[in-house]
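Chemist: In the working numbering, the protein residues as written are 36 to 465.
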Amino acid sequence: MASPAPIHRLQAPLRRSLARAAALSTRSYATIPSAPASQPTSQESSPAASASAPATKPRPTYFKDTTLASLDDFIANQSSAAPLAPSEAYTLRTAQVGPAGKKRTITRLPEWLKTPIPSAGANPEFAKIKADLRGLNLHTVCEEARCPNIGECWGGSNKAAATATIMLMGDTCTRGCRFCSVKTSRKPPPLDPHEPENTAEALARWGLGYVVLTSVDRDDLADGGAKHFAETIRRIKQKKPTLLVEALTGDFMGDLDMVKIVAESGLDVYAHNVETVENLTPYVRDRRATFRQSLKVLEHVKKVRGKEGIITKTSIMLGLGETEEELWDALRELRKVDVDVVTFGQYMRPTKRHLAVEKYITPDEFELWRQRALDMGFLYCASGPLVRSSYKAGEAFIENVLRKRSGEKAVSEALGQAVAAEEATSAKSA
36 MASPAPIHRL QAPLRRSLAR AAALSTRSYA TIPSAPASQP TSQESSPAAS
86 ASAPATKPRP TYFKDTTLAS LDDFIANQSS AAPLAPSEAY TLRTAQVGPA
136 GKKRTITRLP EWLKTPIPSA GANPEFAKIK ADLRGLNLHT VCEEARCPNI
186 GECWGGSNKA AATATIMLMG DTCTRGCRFC SVKTSRKPPP LDPHEPENTA
236 EALARWGLGY VVLTSVDRDD LADGGAKHFA ETIRRIKQKK PTLLVEALTG
286 DFMGDLDMVK IVAESGLDVY AHNVETVENL TPYVRDRRAT FRQSLKVLEH
336 VKKVRGKEGI ITKTSIMLGL GETEEELWDA LRELRKVDVD VVTFGQYMRP
386 TKRHLAVEKY ITPDEFELWR QRALDMGFLY CASGPLVRSS YKAGEAFIEN
436 VLRKRSGEKA VSEALGQAVA AEEATSAKSA
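(1) State the DSSP-derived secondary structure class of Y415, mapped to helix, strand or coil.
(2) Report the three-state DSSP secondary structure of R367 (helix, strand or coil).
(3) Take the Cβ of M288 as the centre, count every other Cβ of all protein chains shown within 10 Å, and call the residue buried at 16 or more, exposed below.
(4) Start and end of the beta strand (DSSP E) containing V374?
(5) In angstroms, rounded to a whole number, what distance separates the CA positions of L278 and P398?
(6) Our contact map puts I268 next to S300 with C-beta atoms below 8 Å; I'd like the distance itself, whole angstroms only.
(7) Does the separation of the CB atoms of H307 and D286 fall below 8 Å?
(8) Can you list the alpha helix (DSSP H) stretches of 4 or more residues lying completely in the stretch 314 to 346, in chain order?
(9) Going by the DSSP bridge assignment, what does T397 pair with across the sheet?
(10) For the stretch 235 to 300, which segments carrying the beta strand (DSSP E) assignment without a break, of at least 3 residues, lie completely within its bounds, in sequence order?
(11) DSSP three-state label for E230, please.
(12) Report buried or exposed for Y318, applying the criterion of at least 16 other Cβ atoms within 10 angstroms of its Cβ.
(13) Would a C-beta distance cut-off of 8 Å place V312 and S329 closer than the cut-off?
(14) Taking the Cβ atom as the reference point for each residue, do G354 and V422 lie within a distance shorter than 8 Å?
(15) Is there contact between the stretch 404 to 416 and the stretch 232 to 239, where contact requires at least three CB pairs shorter than 8 Å?
(16) Can you give the Cα-Cα distance for H389 and D321, rounded to whole angstroms?
(17) For a cutoff of 8 Å on Cβ pairs, would you count K338 as touching chain C?
(18) Express the C-alpha separation of K439 and T378 in angstroms, rounding to a whole number.
(19) Compute the distance between the beta-carbons of V251 and C208, then report whether it is under 8 Å.
(20) Under 8 Å Cβ to Cβ from V374, same chain only, skipping five residues before and after it: list those, please.
(21) In three-state DSSP terms, what is R139?
(22) Using 10 angstroms around the beta-carbon of R253, count the other beta-carbons present and answer buried if the total reaches 16, otherwise exposed.
(23) For the beta strand (DSSP E) that L355 lies in, which residues bound it at each end?
(24) Can you list, in chain order, the residues of its chain whose CB lies under 8 Å from that of E361, leaving out five sequence neighbours each side?
(25) Secondary structure at L203, three-state DSSP: helix, strand or coil?
(26) Quick check on G259: buried or exposed, where buried means 16 or more other Cβ atoms within 10 Å of its Cβ?
(27) Helix, strand or coil for V217 per DSSP?
(28) Taking Y305 as part of the beta strand (DSSP E), name the residues at either end of that continuous run.
(29) Assign V436 to one of three DSSP states: helix, strand, or coil.
(30) Apart from the five residues on each side of it in sequence, which residues of its chain come closer than 6 Å, Cβ to Cβ, to K275?
(31) Suppose the cutoff is 6 Å on Cβ atoms and the five residues either side in sequence are ignored; what does the same chain contact list for I396 look like?
(32) How many Å lie between V247 and L291 at the Cα?
(33) By DSSP's criteria, K387 is part of a beta bridge. Which residues make up the other side?
(34) If you count every other CB in all the chains shown that lies within 10 Å of the CB of A257, and 16 or more means buried, which is it?
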C-alpha cells in the first residue's frame, strides 16, 4: 500500500494545473474581441435576441483613415506628380537637429546626390564581382573610398557593362588627405607578391573590355610601388592583350623615373588626379602632394610616350570652396601639359573627421564646366555630381578613342610595310 506522503506531494502540482486551465479558458486576447458580460454568447443567442442587442462601440484609435499621399509618391521615378522646375528642384533644404536648446541647422543632401543602396541579393553581377574580389584577396577603391556609384558600376546588366576599379598594394595608404576615407598608416603591411597574378586572373575571368587600376600611396617603399604596378599591367596584357588598361597612380614623391616605369608598362590611359585647384591643395591634400608636382607627372608621361601615344587624364572635385577664376587657372595649366581628359565631380564628406562641404554644385553648373572644358580643347570631359575619376561613363568614350587610334596605327603600319615591299621589289627589278 502506498504511503500518504507521495499522494500529498502530487496534490499541489495538480491544483496549479487546474487553476492554469481555468484561467486560460476565461482569458481574452487582443486579437479576439470578447463579448460584454450582459451580451449572450453566439452559442446561446437567438435571432430575435441578436437583433435587439445594441451595437458594440468601437475602441478609440490614434490612427486616422485620411489618405495623405499615394504609394507612388514615395517610390523613386514612379511619382504621378508633375516634375519640379529646375529652380525649385535645385533649392537646398535645411533641417533642425539636436536636443532642445542645442539645435543646429544642417543642409540636407540634395535630391540629385541620392543613389539607391546596392544589394548583392538583387543584382547577380554585383554579388559575383564582390565574391571574386574577396576570394582573390583583392581591394577596390569603390569600397575603400565609399564611392556612390558602386551599385551602378558593379551592377551592369552584362559583363561588358559591369566595371570595378582595382586598388593595388593593399588598402592602407601612407598619406592622409583630408577628403579621403582610405585607411592611413606610416608602415602599411608588405606587398602581396601574388597580387599581380591574382588581379590578372580576376580581370580575365570577368571578361571586361576596359579596366581601371589604382593604388594607395606607398611612400614607405623605395620605388613607391611603381614596379609592382607595372608588373600587374604586364600580367594583364599577357593574359588578355585586347583589354584596355587605365592606371590611376600617385605622384611617386615626384620621382619621374618611377613615372616612366609605369608609363612604359603597356597601359593605355595614364591618370593622375590634381584633386582640387592650386590654392586649396595645401588644405585638401597631404602636405607631400602639390599641384605643381602633379602637373610634372602628367607632363612627363607625354614626354615618355608622345602626345598621341597615350591618353592622360585627371580629376577635380568641386564644392571645396574653389572660386571660378581658380578653376579657370587649373584648366589652363592642365592644357599646357597636354592633358586629354578631365572629370568634375561633387566632393562628398565621408565622415565628420573630413573636410566639410562648402557648396553643393547643381547639375546645371556641372554641365557649364563640361562645355567650358571641351571649348578649351580637352578630348573628353565627364562632369556631374556623382562623376568620379574612374566613373564608367567616361570609359566608354575613351575606349572608342583608343580602339580607333589602334586601328589607324595598324592601317598606317600595314601601308608602310606595303610601300617598303613595293620599293624593294622595284629596286630588285631595276
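Backbone N, C-alpha and C fix where the C-beta goes; we use that ideal spot for every residue, glycine too.
Modeler: On the basis of the data shown:
(1) Within the sequence shown, numbered from 1, the residue matching residue 415 stands at position 380. Strand at Y415.
(2) If you number the sequence shown from 1, residue 367 lands on position 332. In this structure, R367 counts as helix in the three-state DSSP scheme.
(3) In the sequence shown, the residue the question calls residue 288 occupies position 253. So M288 counts as exposed.
(4) Here the question's residue 374 lines up with position 339 in the sequence shown. It is not in any beta strand (DSSP E) - V374 carries neither H nor E in the DSSP assignment.
(5) As a first step, residue 278 must be located in the sequence shown, where it is residue number 243. As a first step, residue 398 must be located in the sequence shown, where it is residue number 363. Looking at the two C-alpha atoms, the distance is approximately 33 Å.
(6) To locate residue 268, count along the sequence shown from 1; it is residue 233. To locate residue 300, count along the sequence shown from 1; it is residue 265. About 4 Å; that satisfies the 8 Å criterion.
(7) Here residue 307 refers to the residue found at position 272 when the sequence shown is read from its first residue. Here residue 286 refers to the residue found at position 251 when the sequence shown is read from its first residue. Against a cut-off of 8 Å, the Cβ pair of D286 and H307 comes out as a contact.
(8) 316 to 319 and 326 to 340
(9) Within the sequence shown, numbered from 1, the residue matching residue 397 stands at position 362. The partner list for T397 (beta bridge, DSSP) is empty, contrary to what the question assumes.
(10) 245 to 250 and 279 to 283
(11) Locating residue 230 in the sequence shown gives position 195, counting from the first residue. Looking at E230 - three-state DSSP - the assignment turns out to be helix.
(12) Walking along the sequence shown from the start, residue 318 turns up at place 283. Under this definition Y318 is an exposed residue.
(13) Numbered from 1 along the sequence shown, position 277 holds the residue referred to as residue 312. Numbered from 1 along the sequence shown, position 294 holds the residue referred to as residue 329. Cβ atoms of V312 and S329: not closer than 8 Å.
(14) Position 319 of the sequence shown, counting from 1, holds the residue named residue 354. Position 387 of the sequence shown, counting from 1, holds the residue named residue 422. Cβ atoms of G354 and V422: not closer than 8 Å.
(15) no
(16) Looking up residue 389 in the sequence shown gives position 354. Looking up residue 321 in the sequence shown gives position 286. Distance between the alpha carbons of H389 and D321 is about 13 Å.
(17) The structure shown contains no chain C; it is built from a single protein chain.
(18) Taking the sequence shown and counting its residues from 1, one reaches residue 378 at position 343. Taking the sequence shown and counting its residues from 1, one reaches residue 439 at position 404. Each residue's alpha carbon lies about 22 Å from the other.
(19) Against the sequence shown, residue 251 aligns to sequence position 216. Against the sequence shown, residue 208 aligns to sequence position 173. In contact: V251 and C208 (Cβ atoms closer than 8 Å).
(20) Start at 1 with the first residue of the sequence shown, and residue 374 comes out as number 339. These residues qualify, in order along the chain: L333, T347, K348, T349 and F413.
(21) For the purposes of this step, residue 139 is taken as residue 104 along the sequence shown, with counting starting at 1. R139: strand per DSSP, three-state reduction.
(22) Along the sequence shown, read from residue 1 onward, the residue named residue 253 stands at position 218. Buried.
(23) Walking along the sequence shown from the start, residue 355 turns up at place 320. Unbroken run through L355: none, as it is neither H nor E.
(24) Walking along the sequence shown from the start, residue 361 turns up at place 326. Cβ neighbours of E361 beyond the five flanking positions: V312, E313, N314 and L315.
(25) Your numbering for residue 203 matches position 168 in the sequence shown. L203: strand per DSSP, three-state reduction.
(26) As a working note, residue 259 is residue 224 in the sequence shown. So G259 counts as buried.
(27) Working through the sequence shown from its first residue, we reach residue 217 at position 182. Looking at V217 - three-state DSSP - the assignment turns out to be coil, as it is neither helix nor strand.
(28) As a first step, residue 305 must be located in the sequence shown, where it is residue number 270. V304 to A306 is the extent of the beta strand (DSSP E) around Y305.
(29) Locating residue 436 in the sequence shown gives position 401, counting from the first residue. Note: V436 maps to helix in three-state DSSP.
(30) In the sequence shown, residue 275 corresponds to position 240, counting from 1. Same-chain partners within the cutoff: A239.
(31) Here residue 396 refers to the residue found at position 361 when the sequence shown is read from its first residue. Hits under 6 Å: L353, G354 and Q381.
(32) Locating residue 247 in the sequence shown gives position 212, counting from the first residue. Locating residue 291 in the sequence shown gives position 256, counting from the first residue. Cα to Cα, the separation comes out at about 21 Å.
(33) Within the sequence shown, residue 387 is the residue found at index 352, counting from 1. Per DSSP, none; premise fails for K387.
(34) As a working note, residue 257 is residue 222 in the sequence shown. Exposed, because fewer than 16 other Cβ atoms sit within 10 Å of the Cβ of A257.
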